[in-house]
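Novice:
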Amino acid sequence: MNKLCTACIVSFWLVIGFDSLGQAIDLSALKGGDTKVKVSGGLNSNVVYNASQATNIPPISLFLSGNLNVSYRNFNLPLSVNYSNRKFTYSQPFSFNFVTFRPSYQWISAEIGTCFMSFSPYSLSGHQFQGVGLTLTPNRWSVSAMYGRLFKATDGNPELQQLPTYRRMGMGVKTVYKSDHFTLGLSLFNAADKPNSLAHLSEPLRPQPKENMVVGLEFSTMLFRKLEVSAAYHSSSLNADTNQPDSNGIARQKSISGWLLNKSSLGQSYNSYRFGINYNLSKSNGIIGIEYQKVDPDYITLGGYYFVNDFENLTLKYNQSLWSGKVNLSGSLGLQQDDIARQKSSGQRRVVGMANLMFSPSQRLNAGLTFSNFTSYSFVRTAFDEIRRLNPFEQLDTLNYRQINQNISAFVNYTLSQTETRVQTINVNVSQMQSVAKQGDVVRVGQQSGFINSDITYNYQLPQKAQSIGVGVNTSFNSIGTQNSFSVGPLFHVQKGFLQSKLTTNTALSYIYSKDATLETSAGAFNLRESAQYNWDKKNSLSANLGFTQVSGSTLAGRTYVSATVGYINRF
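In this note's numbering, the protein residues as written are 130 to 701.
Put into C-alpha cells, the structure is as follows:
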C-alpha cells in the first residue's frame, strides 16, 4: 500500500508538473458568468403497497430519489440521493441507498458518496464504491483517481449459504496523455480486505482476506494518417490470504504489480495483453484490422465483478458502410484457444467470430442481424422466471448473470403505413443464447443451457389523438441444465392521452402459459398493469400504478399479487 501511495503521488505531480508548463489556473474566471446562485433539480417519491401471500415482503415500502444542482458562476455542485425503507431478506455487501455529490469547476470534477469508475475491463471496471472520485482534464491530460470502500463488512447468513464479507478498501489512479501523434496511459489500482472488520467472528467463520494490485499500460498512435496501432498491458497480483506470512520472500513476483504488492504476503501474478492494428480504407469507406489478445488463467482483480480469462485470440476485423450508409457491415473472424498454460487434461481450439449487419433501405424498413460466439456475461431473465419467482415486485437488486458462449439475434421493424393522422408498424424480434458452465475442461450433465425468445407485435398509433394500441405474441423455449420448458402468451397494450395530453394513461394485459417437459408440470400467469400520470405544469406531476398478477399451475395453488404505487415528481 505504501508503494502504491508513492506511485500515485508521483504520477499525480508529474501530470501537474508537466501541465504547469503550458497551463495556469485562470482565477479571473470567477469574475465571469452569472452572479446569481441558481438551484435546480428534481424529487421523485413513490409509496408502494403490496398485498400478497409472501411473508418476506413488507406491505408498504417507500422509495425516494432526487437530484439537486447548485451553480454559481462557473461552479457546479450536483447532488444525487436514493433511499428506500425496503429491507431485503439477505445480506449483501452493496448499498441500495446512496447519496452522491458531483461538484465540478472547469476541467475539475469530483464524485463524493456512492461512486462508479472504470479504468479498463481488466483493472477497476465499474465497481461500486463509497468514497471519492476525482477527474482532471487539463489540456491534453486526463487524470482519474479514486479512494473508497468497495465492500462493507457483513456477517453472512449460514441459512442462506452466504459467507461473511470483509470491509474492502480500494484506491487507484489513471493518467492519460493525448498528443497530436500518440496516446499514452498508465493506471494503478489497489484493493485490500480489512481483517479487523470481522474481528468479532470466530476464526473458523472468517474468510481469507485478500489484497490485489493492478498495473495497466495503454498506448496508441496514428501512422501515415491511415494506420492506427494500439496496445494494452495489465498485470494483476492477487494475494488470496494476507494472514499467511511470506518468510521466504515468495511474494516478490516477476511483474510490476507483484513488486508493488505488499511483500509480507503471498501472491500470484496474472497478465493480460492486447495488440491491434487498424487500416482506414478511405476510398471504400471501410476499416480493416487485426487484433491479438491474451489473458492468463485465473486472471482476476478486486475492481470488477466478472472476468473472462484463460484464452488467447487472434482475430481479423472488418467494418464497411455501403450505399450511403443504408447497409453497415462489421465483424471479426479468428481463432481462440483456452488452456494456454497447458494445465488441463485437454484444451479447446475453435473458430470465433462476430458479425453485425444493419440494413435500412428506406425510412419504412429497418432490419438487423447479430452473431457472436465470443465468451461474455449477460443478464438473462426468461418468461418462465417471471412465473416462478415469488412475486413480480421483489428482488430489485438481484444479479442474474450467466456466461454466454453464443448469441444470435435478429430484428425487423417495418412501417406498414404512415400519415399525419395514422401510423401502423410491425416489429419482429428473435434471439438465441447458449450458456456453458465448465468445471475445469469438462462440461457435465446439467451445465449447458439454451434460451430462444421471439416476439411479434403490431402497433396502431393516432398521433393527433395521443392514442396507440398494440397486440403481440411472445414465445420462449428454455433448456436450463436438464430442465426443458416452453412458454407462450399474447400481449395487449393501449395508451391514451386526455386533457390536451396532460393526463396519460396506459393499460397492459398479458397471459403466459408455461410447460415444463422434464417435470411434466405447467403454470399460467395473468398480468394486468395500469398506470396514469398527470402533469399539471412543467414542474409538477402525479403518477399512479396498479399491478395485478394471478398465478396458477398443476402443482401450484392459486396465488394473487397486488401492488399499488402512488408517486409525486417535482422539478425546480
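Using N, Cα and C, we set each Cβ at its ideal position, and we do this for glycine too.
Values in this document were obtained by computation on a predicted structure and should not be read as measured data.
With distances taken Cα to Cα, identify the nearest neighbour of residue 315 among 549, 344, 295.
Specialist: The option with the nearest alpha carbon to residue 315 is 344.
Novice: With a Cβ-Cβ cutoff of 8 Å, do residue 483 and residue 497 count as a contact?
Specialist: Cβ distance not < 8 Å, so residue 483 and residue 497 don't count as in contact.
Novice: By how many angstroms is the C-alpha of residue 642 removed from the C-alpha of residue 652?
Specialist: Cα to Cα, the separation comes out at about 6 Å.
Novice: Around the C-beta of residue 363, are 16 or more other C-beta atoms found within 10 angstroms, so that it is buried, or is it exposed?
Specialist: Buried, since its Cβ has 16 or more Cβ neighbours within 10 Å.
Novice: Look at the Cβ atom of residue 297, then the Cβ atom of residue 320, and state whether they are nearer than 8 Å.
Specialist: The answer is yes: Cβ separation under 8 Å.
Novice: Identify whether residue 492 lies in helix, strand or coil by the three-state DSSP scheme.
Specialist: If DSSP states are grouped into helix, strand and coil, residue 492 belongs with coil.
Novice: Can you give, in chain order, each stretch of the beta strand (DSSP E) that sits fully within the region 251 to 290 and has at least 3 residues?
Specialist: Counting whole runs of 3 or more residues, the region 251 to 290 contains the beta strand (DSSP E) stretches 254 to 265, 270 to 280.
Novice: Can you give the beta carbon distance from residue 614 to residue 603, rounded, assuming they're within the 8 Å contact cut?
Specialist: 14 Å between Cβ atoms; not a contact.
Novice: Kindly provide the ranges of any beta strand (DSSP E) runs that are 3 or more residues long and lie completely inside the region 565 to 639, ordered along the chain.
Specialist: Runs found: 577 to 591, 596 to 609, 612 to 627.
Novice: How about residue 442 and residue 480: are their beta carbons less than 8 Å apart?
Specialist: No, the pair does not count as a contact, with Cβ atoms beyond the cut-off.
Novice: Going by CA-CA distance only, name the one from 236, 599, 647 that's closest to residue 612.
Specialist: Checked all of 236, 599, 647; the closest Cα to residue 612 is 647.
Novice: List the residues that DSSP assigns as beta-bridge partners of residue 440.
Specialist: In the DSSP output, where bridge partners are listed per residue, residue 440 has 424, 467.
Novice: Considering only the beta carbon of each residue, do residue 601 and residue 585 sit closer than 8 Å?
Specialist: Contact: yes.
Novice: Tell me whether the beta-carbon of residue 405 lies closer than 8 Å to the beta-carbon of residue 359.
Specialist: Cβ atoms of residue 405 and residue 359: closer than 8 Å.
Novice: Assuming residue 324 is part of the beta strand (DSSP E), what are its boundary residues?
Specialist: Taken as a continuous stretch (DSSP letters only), residue 324 belongs to no beta strand (DSSP E), as it is neither H nor E.
Novice: CB residue 283 to CB residue 267, shorter than 8 Å?
Specialist: Result no, Cβ atoms of residue 283 and residue 267 do not sit closer than 8 Å.
Novice: Between residue 447 and residue 396, is the Cβ-Cβ spacing less than 8 Å?
Specialist: Taking 8 Å as the Cβ cut-off, residue 447 and residue 396 do not qualify as a contacting pair.
Novice: In the structure shown, what three-state DSSP assignment does residue 332 receive?
Specialist: It is helical.
Novice: Given a threshold of 16 other Cβ atoms within 10 Å of its Cβ, counted over all protein chains shown, does residue 703 qualify as buried or as exposed?
Specialist: Outside the displayed span of the chain (130 to 701) sits residue 703, for which this structure offers no information.
Novice: Please check the pair residue 419 and residue 445, which I expect to be a contact at CB under 8 Å, by giving their CB distance rounded to whole angstroms.
Specialist: With 8 Å as the limit, residue 419 and residue 445 qualify as a contact, their Cβ atoms being about 5 Å apart.
Novice: Where do the N-terminal and C-terminal ends of the beta strand (DSSP E) with residue 338 fall, by residue?
Specialist: Where residue 338 is concerned, there is no enclosing beta strand (DSSP E), given that its DSSP letter is neither H nor E.
Novice: Grouping DSSP H, G and I as helix and E and B as strand, with all else coil, what is residue 417?
Specialist: Three-state DSSP puts residue 417 in a strand.
Novice: What is the DSSP secondary structure of residue 429, counted as helix, strand or coil?
Specialist: Coil, per DSSP.
Novice: Short of 8 Å in beta carbon distance, which residues of its chain neighbour residue 188, apart from the five on each side in sequence? Order them along the chain.
Specialist: Only 178, 179, 180 meet the Cβ criterion.
Novice: Using only the alpha-carbon positions, how far apart do residue 650 and residue 681 sit?
Specialist: Their Cα atoms are separated by approximately 11 Å.
Novice: Let me know if residue 287 comes out buried or exposed under the rule of 16 or more other beta-carbons within 10 Å of its beta-carbon.
Specialist: Label assigned to residue 287: exposed.
Novice: So which of 678, 693, 694 has the shortest CA-CA distance to residue 687?
Specialist: Out of 678, 693, 694, 678 has the C-alpha closest to the C-alpha of residue 687.
Novice: Roughly how many angstroms separate the alpha carbons of residue 451 and residue 265, rounded to a whole number?
Specialist: The alpha-carbon atoms of residue 451 and residue 265 are separated by roughly 40 Å.
Novice: Any beta carbon from chain D within less than 8 Å of residue 180's own beta carbon?
Specialist: Of the protein chains in the structure, only one exists, and it is not chain D.
Novice: Quick one: grab the DSSP three-state call for residue 659.
Specialist: Correct three-state label for residue 659: strand.
Novice: Would residue 580 and residue 561 be called neighbours here (beta carbons separated by less than 8 Å)?
Specialist: Closer than 8 Å, so yes.
Novice: I need the straight-line Cα distance from residue 489 to residue 495, nearest angstrom please.
Specialist: Whole-angstrom Cα-Cα distance: 5 Å.
Novice: For residue 231, name the three-state secondary structure that DSSP assigns.
Specialist: Correct three-state label for residue 231: coil.
Novice: Output the distance between the C-alpha atoms of residue 435 and residue 355, rounded to the nearest integer angstrom.
Specialist: Those two C-alpha atoms are separated by around 35 Å.
Novice: Rounding to the nearest angstrom, what Cα-Cα distance links residue 403 and residue 699 in this structure?
Specialist: One C-alpha to the other measures close to 48 Å.
Novice: Does the Cβ-Cβ distance between residue 671 and residue 697 come in under 8 Å?
Specialist: In contact: residue 671 and residue 697 (Cβ atoms closer than 8 Å).
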